[in-house]
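Numbers 1 to 263, taken from this note's numbering, label the letters of the sequence shown in order.
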Amino acid sequence: MDVITNHESRDDGSIWKRYKTSTGIEVVVTSAFREVMRNGQSNIVDDGKDIPSSFLRLLHKYRKDYESNRTGDSRRYIASWFEASFFAIQDSNVGIREEKHAWQNEDKLDRMDRIQHLLELWAIPRWIHAPVHYGMLKIPQMRRWYYDKFLLMEKVDWGVTAFDIIDEPRNENIRKSIIHEFGWVYWFEALEGDNYESFRNEIRKKYIEVKFMLKNAFDQHRDQFPWWTFSSLFTDLLQRNFIITHNQTPIGNSKVSFWIIDQ
Ligand SMILES: Nc1ncnc2c1ncn2[C@@H]1O[C@H](COP(=O)(O)OP(=O)(O)O)[C@@H](O)[C@H]1O
Ligand SMILES: [Mg+2]
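Structural data, given as structure tokens:
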């Protein structure tokens with residue numbers, strides 16, 4: 001990693017750092033990433049550098065797989081939807097959202113980093129989260145203004161979304177993950193029957209509750225964000241943009257967590 005081109009103070013008090021490699025790759029690292037490492041919350045060794053060497057080594061392996069279009073240990077396929085595919089880097093808790101031929105902007109990183117900060121500021125119940133966003137890599141394409149974009153963030157289990165539960169799982173892997181993660185808690189062995197129905201209803205109800213809480217919190221703090229509207233901050237609160245996980249210990253009476261993604 002070469003020169004730091006910029007330290008950027010953002011209006012929510014966080015600081016992003018920017019790099020440009022000699023090969024033209026642009027890198028942004030959020031302060032949330034450094035915070036996570038400092039607190040020992042990640043399984044990446046903090047060596048005091050902005051981007052730890054152990055993490056760079058993981059990225060390096062990942063990149064080789066990416067370039068030869070391989071999946072494997074260093075690039076494990078998790079799931080995809082229309083625009084992006086999501087991969088885990090080895091057995092770390094780092095995930096990468098790959099988007100090809102994307103417009104160059106950093107809107108998603110900006111909003112997701114901000115949302116993470118706001119959930120805390122607004123004292124939203126702790127079962128509603130956003131994955132910590134570590135940063136972003138942009139590889140310029142031949143066509144001007146277009147990039148392959150890689151959004152680095154906390155990986156949340158196997159990417160099961162509210163849509164997969166309420167509607168239908170996208171694929172066999174997701175179906176298995178639902179049974180594996182929730183079956184023993186809600187007593188179902190297949191995605192059918194009364195027990196699955198009541199689990200499904202719980203997620204359906206909670207999904208509405210979550211949106212309601214976010215809207216309320218936003219309205220209460222509206223004066224602090226004159227330049228944001230609810231829907232410019234939360235652009236896409238669809239069922240498919242919430243990952244659902246099980247809480248081993250209920251949080252504020254909730255057995256499940258909702259993770260906001262892809263805003
Ligand atoms: N932080 C994450 N941890 C685990 N899986 C994720 C994460 N973010 C996204 N995914 C998985 O990747 C899929 C696509 O990601 P998303 O950002 O919603 O892209 P798209 O624009 O294609 O909808 C999601 O449906 C989810 O299954
Ligand atoms: Mg999505």
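Ideal Cβ positions, reconstructed from N, Cα and C, are used throughout, including at glycine.
Computed from a predicted structure; not experimentally measured.
Annotation for residue 162: 203, 207, 239, 242 and 244 place their beta carbon closer than 6 angstroms to its own, counting only its chain and skipping 5 residues before and after.
By a beta-carbon distance limit of 8 angstroms, residue 75 contacts residue 87. Their separation comes to about 5 angstroms. Of the other Cβ atoms in all chains shown, 16 or more fall within 10 Å of the Cβ of residue 19; this residue is therefore buried. Annotated as proximal: residue 136 and residue 151, with beta-carbon spacing under 8 angstroms. Beta-bridge partners of residue 140 (DSSP): 147. Boundaries of the alpha helix (DSSP H) around residue 175: 172-186. Taking the C-beta atoms as reference points, residue 147 is found nearer than 8 angstroms to residue 104.
In the structure shown, residue 261 falls within a coil segment according to DSSP collapsed to helix, strand and coil. Relative to the non-hydrogen atoms of ligand 2, the Cβ of residue 111 never comes closer than 7 angstroms to any of them.
In the DSSP assignment, residue 60 falls within the unbroken alpha helix (DSSP H) covering 53-67.
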